[in-house]
Amino acid sequence: MSDANSKPLNFLEQIIKQDIDSGTTTKLITRFPPEPNGYLHIGHAKSICLNFGLAEKFGGECNLRFDDTNPAKEELEYVESIKRDVAWLGFRWPGEVRYASDYFDQFYEWALHLIREGNAYVCHLTAEQAKEYRGWATQPGKPSPWRDRPVEENLADFEKMRAGEFDEGACVLRAKIDMASPNMNMRDPILYRIRKVSHHQTGDKWCIYPSYDFAHGQEDAIEGVTHSICTLEFADHRPLYEWLLNNLPVPMVPRQYEFARLELNYTVTSKRKLKQLVDEKRVDGWDDPRMPTISGMRRRGYTPASLRNFCDLIGVTKSGSTIDVGQLEYCVRDDLNNVAPRAMCVINPLKVTIRNMPAGETQTMKQPVHPNREEMGERELPFTREILIEQDDFTEDTSLSRKKFKRLVLGDYVRLRGAYVIKAEESIKNEAGEIVEVIATLVEGTVGENPPEDIKPRGVIHWVSATENVDCEVRLYDRLFNDPAPDAGDKNFLDALNPESLTVVKGCKGEIGLQFAQPEHAYQFEREGYFCIDAQYSNGSTLVFNRTIGLKDSWSDKV
RNA sequence: UGGGGUGUAGCCAAGCGGUAAGGCAGCGGGUUUUGAUCCCGUCAUGCGAAGGUUCGAAUCCUUCCACCCCAGCCA
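Per numbering that gives the first Met the number 0, the first sequence runs over residues 0 to 558.
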């Protein structure tokens, strides 16, 4: 890293560097702690890149740990998807995946410890009563009548809770802190509640489960996490996080730091809302290519490199920010432009017959796989008397200026990419008046050569042989929401759903080499965009391509 | 309202008392057999506002304003 060109350290990197330089931290340990109650989305990608990235950068380690303290909302399917997504992004965790539930025995012991020390009690207030007792922002809460019971009674009741002798909601274990604290989290927060449901990891072993607050700091301490990084909304919990650590015989004391979560415009990043889209079948599952989930983006054709680069570019701060999706799209194009082999695919075909090309003859054109990367080799394109071009690439309107329409115009010339310059001689229409065929002539000697001085092609268009090609379906995606802030204020995000977020086009014709396309492998369809095989919809007989993202288009809105 | 957090360009974001980095978007131009890529140039007398300290303030002090978060037996 050169001093002049290296990226400035973000605030967390600065803190960590200081801790390492001063010897406060000998080895950095972080963790990514998702709750397995949904699929990971782009916002999680930021946290993943941050936590794992920090560990990589400072020679430390980052654990993958499931915060599975609420079995009512969690599922094994989510656990599996999360592991897959983190690994796909290219991150590795040391040893086995961790679970908060791995430590339930220890948490129980620590709960007993708090009770014995007079720092926790079993409270039999109902939820409604507890809410009343908690007070309001400007008014302090009042102590629960159960607050000062003898230790022995608390011990006995807590044991009954564990043994299942109380119904759900009958009572909870609370920390005894300060009912007058201006921080609501310190007004005797709940440590354990009764949940008579089986857990995806521990089965029916427990019917009481620790709260987030009673689990998180202790998990960090058990794992030796030095820097526990979470999002801003947990800043209010930090005093409680520290109180528990200071009142429990934990092996070490981690520090919590908060950063701003990622928000993207035209996007919803809320597991609850994404789950609603899935449950109500507004989309085709958590991995629908329109979803901002990691699995959806993977299926759409986004690459790990593009996501990681994106997370790198947006930075890490404490100021709430909404990033323009254009920034994400830039990262995807940037990576794909570099790595994607080029191919031609005609999405809405229009037949062109080359009059001066003999029927039955096939010429083989050669094109580089990538215009800027010779090492990727060449591909072969069969050129025949009948070819297909994009319907939008032909017009009879001869009044269009060369600047406004750089494609094929009746009576004018255009370059067929990687092949001849042709001239449109006439067009043939059906009864409905639609153009169904163009008759053209090719200009001899223009393969790889410029045409004579007097012939000026208007532009370059893509094409494919009408007889030697591969049939495919193309799925064109647009943003899922039309509103830049679909869930702002009291808006119903479903109202902002874009009815045209998916356009399925069948009967597209791709160049012959596309028959060997592999799932998740990106191609650039020249002049169209980046595409990849959809692993779910494609099978032996049908090829289905997802459009990951279109090419940058700096002209369509100007003409 | 009580507490917590944040305000630097259309969107992000450096800056840590010495005279506003960088990226995205935009705009102008060049190269180009992809209207792509690439290249060049341009884009804040200004840092939420007002005062103050200082030779000097986005950086320090004071007051004010705006926005976000918490007030679940969710995380």
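Even glycine gets a Cβ: it sits at the ideal position worked out from N, Cα and C.
Residues near residue i by beta carbon distance below 6 Å, same chain, minus five either side
i, result
"Gly216", "Tyr240, Leu243, Leu244"
"Val543", "Glu472, Asp533, Tyr536, Ser537"
"Arg97", "Asn62, Arg64"
"Cys48", "Arg307, Cys310"
"Leu261", "Gly42, Lys45"
Residue burial classification, residue i (beta-carbon count within 10 angstroms, cutoff 16)
i, result
"Met160", "buried"
"Val435", "exposed"
"Gly488", "exposed"
"Pro348", "buried"
"Gly300", "buried"
"Asp235", "exposed"
"Asp396", "exposed"
"Gly325", "exposed"
"Arg91", "exposed"
"Pro518", "exposed"
Three-way DSSP call (helix, strand, coil) for residue i in this model
i, result
"Lys317", "coil"
"Trp92", "coil"
"Gly216", "helix"
"Gly509", "strand"
"Asn491", "coil"
"Gly52", "helix"
"Asn468", "coil"
"Lys16", "helix"
"Lys43", "The sequence as given places His at residue 43; Lys does not occur at that position. Here His43 sits in helix by DSSP."
"Cys170", "coil"
"Cys330", "helix"
"Ala179", "coil"
"Gln138", "coil"
"Pro303", "helix"
"Cys61", "strand"
"Val78", "helix"
"Val282", "coil"
"Ile207", "strand"
DSSP beta-bridge partners of residue i
i, result
"Asp552", "Answer by DSSP bridge pairing: none, since Asp552 is not bridged."
"Ser426", "Val437"
"Ile532", "Pro518, Phe544"
"Phe524", "Ala342, Gly528"
"Ser227", "Gln255"
"Lys365", "Glu379"
"Gly202", "His198"
"Leu501", "Tyr476"
"Arg414", "Val420, Val459"
"Lys350", "Leu387, Glu436"
"Val267", "Looking at the DSSP assignment, Val267 forms no beta bridge with any residue, so it has no partner."
"Thr25", "Partner(s): none; Thr25 has no beta bridge."
Minimum C-alpha distance to residue i - residue among the options
i, options, result
"Thr466", "Cys507, Asp494, Ala484", "Cys507"
"Phe65", "Ser5, Leu513, Ser80", "Ser80"
"Ser227", "Arg173, Ile434, Phe393, Ile15", "Ile15"
"Gly140", "Ala110, Leu75, Arg91, Ser180", "Ser180"
"Gly223", "Ser269, Pro253, Ala129", "Pro253"
"Gly564", "Pro340, Arg401, Ile386", "No answer is possible for residue 564: it lies beyond the span of the chain, which begins at 0 and ends at 558."
"Val446", "Asp104, Leu380, Val338", "Leu380"
"Pro142", "Ala129, Glu152, Leu154", "Ala129"
"Thr268", "Thr547, Lys551, Pro32, Gly37", "Gly37"
"Val121", "Ala431, Arg186, Leu172, Glu60", "Leu172"
"Trp462", "Val413, Lys175, Asp311", "Val413"
"Arg146", "Met178, Glu164, Arg271, Tyr191", "Met178"
"Lys402", "Thr440, Val459, Arg378", "Val459"
"Glu525", "Asp482, Lys551, Pro238", "Lys551"
"Ile438", "Asn491, Pro456, Gly42, Ile427", "Ile427"
"Gly42", "Thr230, Arg378, Asn468, Pro483", "Thr230"
"Glu167", "Val150, Arg194, Asp156", "Arg194"
"Lys422", "Arg457, Glu452, Ala136, Cys344", "Arg457"
"Asp278", "Gly528, Leu312, Ser46, Leu493", "Leu493"
"Asp391", "Arg384, Arg237, Arg406, Arg378", "Arg406"
"Ile548", "Met296, Arg372, Gly89, Leu154", "Met296"
"Glu164", "Arg148, Tyr191, Cys206, His40", "Cys206"
"Ile114", "Pro149, Leu53, Lys350, Gly319", "Pro149"
"Glu73", "Gly52, Lys280, Ser100, Gly58", "Ser100"
Beta-carbon contacts of residue i that lie in its chain and below 7 Å, excluding the five residues immediately before and after
i, result
"Leu399", "Val408"
"Asp477", "Asn497, Glu499, Ser500"
"Gln362", "Phe382"
"Gly417", "Met364, Gln366, Leu380"
Contacts around residue i, its chain only, beta-carbon distance under 8 Å, and the 5 residues preceding and following it disregarded
i, result
"Asp333", "Ser305, Asn308"
"Glu116", "Asn246"
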